[in-house]
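A quick write-up on the structure given underneath.
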Amino acid sequence: MMIDWDNLGFNYIKTPYRYLSIWKDGEWDEGTLTEDNTLHIHEGSAALHYGQQSFEGLKAYRCKDGSINLFRVEENARRMNRSAERLLMAQIPEEKFIHAVKEVVKANEEYVPPYGTGATLYIRPLLIGIGEGVGVNPAPEYLFTVFCTPVGAYFKGGLTPTNFIVSDYDRAAPQGTGAIKVGGNYAASLYPGQEAHDRHFSDCIYLDPATHTKIEEVGSANFFGITKENQFVTPLSPSILPSITKYSLLYLAEHRLGLEVIEGDVYLDQLDQYTEAGACGTAAVISPIGGIQTFDSFHVFYSETEVGPVTQKLYDELTGIQFGDVEAPEGWIQKV
Ligand code: PLP
Ligand code: COI
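Laid out in structure tokens, this is it:
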């Protein structure tokens with residue numbers, strides 16, 4: 000195995016083992032690790048035709064002492080079950096989810112990047128509806144798998160700011176599935192995302208689907224801004240994904256950095272209230288936003304080339320906790 004840990008992007012690198020478990024006749028089988036990275040499923044599987052599927056994303060972090068941290072893994076388990084509930088899929092017992100994640104990390108331990116490289120092992124749990132069917136109905140069987148792959152920065156630039164563009168497409172409907180982590184939301188974001196990339200932006204920013212006046216989130220991360228008054232502001236909306244990173248930052252901004260925190264409206268025509276802005280998520284970590292291209296202007300926040308001081312502090316606090324260098328709030332870290 001030859002991996003250039005310092006220069007990893009966000010790409011699939013095959014690791015030796017993944018976890019697989021099947022739900023059938025009302026119960027889960029015991030689950031097993033397998034080396035086969037190809038799924039064999041019925042051609043009529045509801046996941047393939049009607050998008051009955053959900054995925055999660057979390058990371059394993061190598062600490063200075065060589066041990067491995069998981070960050071708030073039970074929150075991913077709970078969110079996957081909220082997705083499963085909304086799409087009428089089988090629930091996964093929280094212990095089963097966490098067990099599967101730990102087994103996969105242990106089995107692929109040598110792929111957890113070394114401490115100090117900034118790279119991590121990205122873990123992808125996936126729940127899909129499988130088995131015979133053709134009508135629009137929930138699947139008779141479910142497949143739960145967890146695989147992992149070592150990753151570096153999601154947005155090229157890492158802590159160097161990159162630019163984003165407001166999309167005139169919606170990724171989710173007000174009472175739709177925006178708040179759960181299901182593939183359909185991401186399928187809907189491919190075209191606007193491609194448009195953004197073609198114009199050399201990192202990704203697009205979606206507006207609230209009802210009025211198109213407020214920032215909702217990025218296609219793959221939540222949004223936050225820091226105001227002139229040192230407030231940490233992040234959108235509150237039923238159609239954005241409740242980001243575990245975002246809720247962690249809300250806590251850290253308030254309790255560790257002493258900022259006032261607000262979950263509320265971020266109006267597109269009031270961006271000049273913000274001195275810094277960023278995208279946050281498991282893959283994105285904290286990615287500073289240099290500027291946003293709106294429909295009629297380009298708005299620069301702190302700088303197009305340098306991360307702002309509050310964003311830097313939040314980054315240091317969050318990643319310090321994840322890599323075990325900063326004391327974590329109770330219950331945030333589980334050792335593998
Ligand atoms: N928003 C979207 C659309 C995402 O895909 C993600 C990634 O999971 C996030 C936000 C961030 O969520 P989290 O911090 O739980 O990874
Ligand atoms: C994550 O941050 O885990 C995501 O799922 C974002 C993206 C890779 C879809």
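Letter by letter, the sequence shown follows residues 0 to 335 in numbering that gives the first Met the number 0.
The beta-carbon is built from N, C-alpha and C at its ideal position, and this holds for glycine as well.
Remember, it's a predicted structure, so these values are computed and weren't measured experimentally.
Exposed or buried, residue i, counting other C-beta atoms within 10 Å across all chains shown (16 or more means buried)?
{"i": "Ala-83", "result": "buried"}
{"i": "Ser-66", "result": "exposed"}
{"i": "Pro-149", "result": "buried"}
{"i": "Asp-167", "result": "exposed"}
{"i": "Ser-296", "result": "exposed"}
{"i": "Leu-87", "result": "exposed"}
{"i": "Phe-222", "result": "buried"}
{"i": "Ala-410", "result": "A query on residue 410 cannot be resolved here, the shown segment of the chain reaching from 0 to 335 and no further."}
{"i": "Val-306", "result": "buried"}
{"i": "Glu-216", "result": "buried"}
{"i": "Gln-321", "result": "buried"}
{"i": "Met-79", "result": "buried"}
{"i": "Glu-227", "result": "According to the sequence provided, residue 227 is Lys. The question's Glu does not apply to it. Lys-227 is exposed by the Cβ-count criterion."}
{"i": "Ala-220", "result": "buried"}
{"i": "Ala-186", "result": "exposed"}
Under 7 Å between the Cβ atoms of residue i and residue j?
{"i": "Thr-212", "j": "Leu-267", "result": "yes"}
{"i": "Gln-52", "j": "Ile-127", "result": "yes"}
{"i": "Gly-280", "j": "Ser-242", "result": "yes"}
{"i": "Val-335", "j": "Lys-95", "result": "no"}
{"i": "Tyr-11", "j": "Val-103", "result": "no"}
{"i": "Glu-74", "j": "Glu-93", "result": "no"}
{"i": "Trp-4", "j": "Pro-113", "result": "yes"}
{"i": "Gly-224", "j": "Ala-283", "result": "no"}
{"i": "Glu-316", "j": "Leu-251", "result": "yes"}
{"i": "Gly-192", "j": "Leu-7", "result": "no"}
{"i": "Phe-231", "j": "Leu-270", "result": "no"}
Rounded to whole angstroms, what is the Cα-Cα separation between residue i and residue j?
{"i": "Tyr-153", "j": "Phe-54", "result": "17 Å"}
{"i": "Asn-68", "j": "Tyr-110", "result": "14 Å"}
{"i": "Gly-323", "j": "Glu-131", "result": "46 Å"}
{"i": "Gly-218", "j": "Ala-45", "result": "24 Å"}
{"i": "Tyr-190", "j": "Ser-286", "result": "22 Å"}
{"i": "Lys-105", "j": "Ala-278", "result": "30 Å"}
{"i": "Leu-47", "j": "Val-135", "result": "12 Å"}
{"i": "Glu-34", "j": "Asn-107", "result": "11 Å"}
{"i": "Val-325", "j": "Tyr-60", "result": "13 Å"}
{"i": "Ile-291", "j": "Phe-300", "result": "8 Å"}
{"i": "His-199", "j": "Thr-31", "result": "43 Å"}
{"i": "Ser-99", "j": "Ile-40", "result": "Contrary to the premise, residue 99 reads as Ala rather than Ser in this sequence. Going from the Cα of Ala-99 to the Cα of Ile-40 covers about 20 Å."}
{"i": "Glu-262", "j": "Lys-245", "result": "10 Å"}
{"i": "Asn-229", "j": "Ser-188", "result": "32 Å"}
{"i": "Thr-293", "j": "Glu-42", "result": "43 Å"}
{"i": "Leu-249", "j": "Leu-206", "result": "21 Å"}
{"i": "Asn-36", "j": "Thr-210", "result": "43 Å"}
{"i": "Gly-156", "j": "Asp-264", "result": "28 Å"}
{"i": "Ile-91", "j": "Lys-23", "result": "13 Å"}
{"i": "Lys-13", "j": "Gln-272", "result": "45 Å"}
Determine the closest residue to residue i out of the options, with distance taken between C-alpha atoms.
{"i": "Ile-21", "options": "Glu-216, Glu-140 and Ile-332", "result": "Glu-140"}
{"i": "Ile-122", "options": "Thr-144, Val-135, Pro-113 and Tyr-114", "result": "Thr-144"}
{"i": "Gly-25", "options": "Thr-210, Ala-138, Cys-147 and Ala-178", "result": "Ala-138"}
{"i": "Ala-327", "options": "Gly-115, Gly-156, Arg-71 and Ile-129", "result": "Arg-71"}
{"i": "Leu-57", "options": "Phe-146, Gly-115, Gly-117 and Thr-159", "result": "Phe-146"}
{"i": "Val-260", "options": "Pro-237, Val-309, Thr-293 and Glu-303", "result": "Val-309"}
{"i": "Ala-178", "options": "Ser-236, Leu-248, Ala-76 and Asp-197", "result": "Ser-236"}
{"i": "Thr-304", "options": "Ile-288, Asp-315 and Thr-318", "result": "Ile-288"}
{"i": "Pro-208", "options": "Ser-302, Tyr-49 and Thr-176", "result": "Thr-176"}
{"i": "Gly-117", "options": "Tyr-314, Tyr-246 and Gln-193", "result": "Tyr-314"}
{"i": "Ala-76", "options": "Phe-163, Leu-125, Thr-159 and Thr-119", "result": "Leu-125"}
{"i": "His-298", "options": "Tyr-205, Asn-162 and Gln-311", "result": "Asn-162"}
{"i": "Arg-170", "options": "Gly-151, Gly-115 and Cys-203", "result": "Cys-203"}
{"i": "Leu-120", "options": "Lys-155, Phe-9 and Gln-333", "result": "Phe-9"}
{"i": "Arg-255", "options": "Gly-319, Gln-269 and Thr-274", "result": "Gly-319"}
{"i": "Leu-354", "options": "Leu-142, Leu-258, Leu-270 and Met-1", "result": "Residue 354 lies beyond the residue range present for the chain, which begins at 0 and ends at 335; the question has no answer from this structure."}
{"i": "His-196", "options": "Ile-214, Asn-184 and Val-165", "result": "Val-165"}
{"i": "Gly-115", "options": "Ile-214, Pro-160 and Asp-64", "result": "Asp-64"}
{"i": "Thr-159", "options": "Trp-331, Leu-240 and Gln-311", "result": "Gln-311"}
{"i": "Gly-50", "options": "Asn-184, Ile-97 and Arg-81", "result": "Asn-184"}
{"i": "Ser-247", "options": "Trp-331, Ile-214 and Ser-201", "result": "Trp-331"}
Within 7 Å (strictly less), CB to CB, does residue i reach chain C?
{"i": "Glu-42", "result": "As a matter of chain content, chain C is missing from the structure shown, which is built from one protein chain."}
Taking 6 Å as the cut-off, is the beta-carbon of residue i closer than that to any non-hydrogen atom of the ligand GTP?
{"i": "Thr-244", "result": "Among the ligands modelled here, namely the ligand PLP and the ligand COI, the ligand GTP does not occur."}
_Within 5 Å of the ligand COI: residues by beta-carbon to any heavy atom_ = Gly-56, Ser-219, Gly-280, Thr-281 and Ala-282
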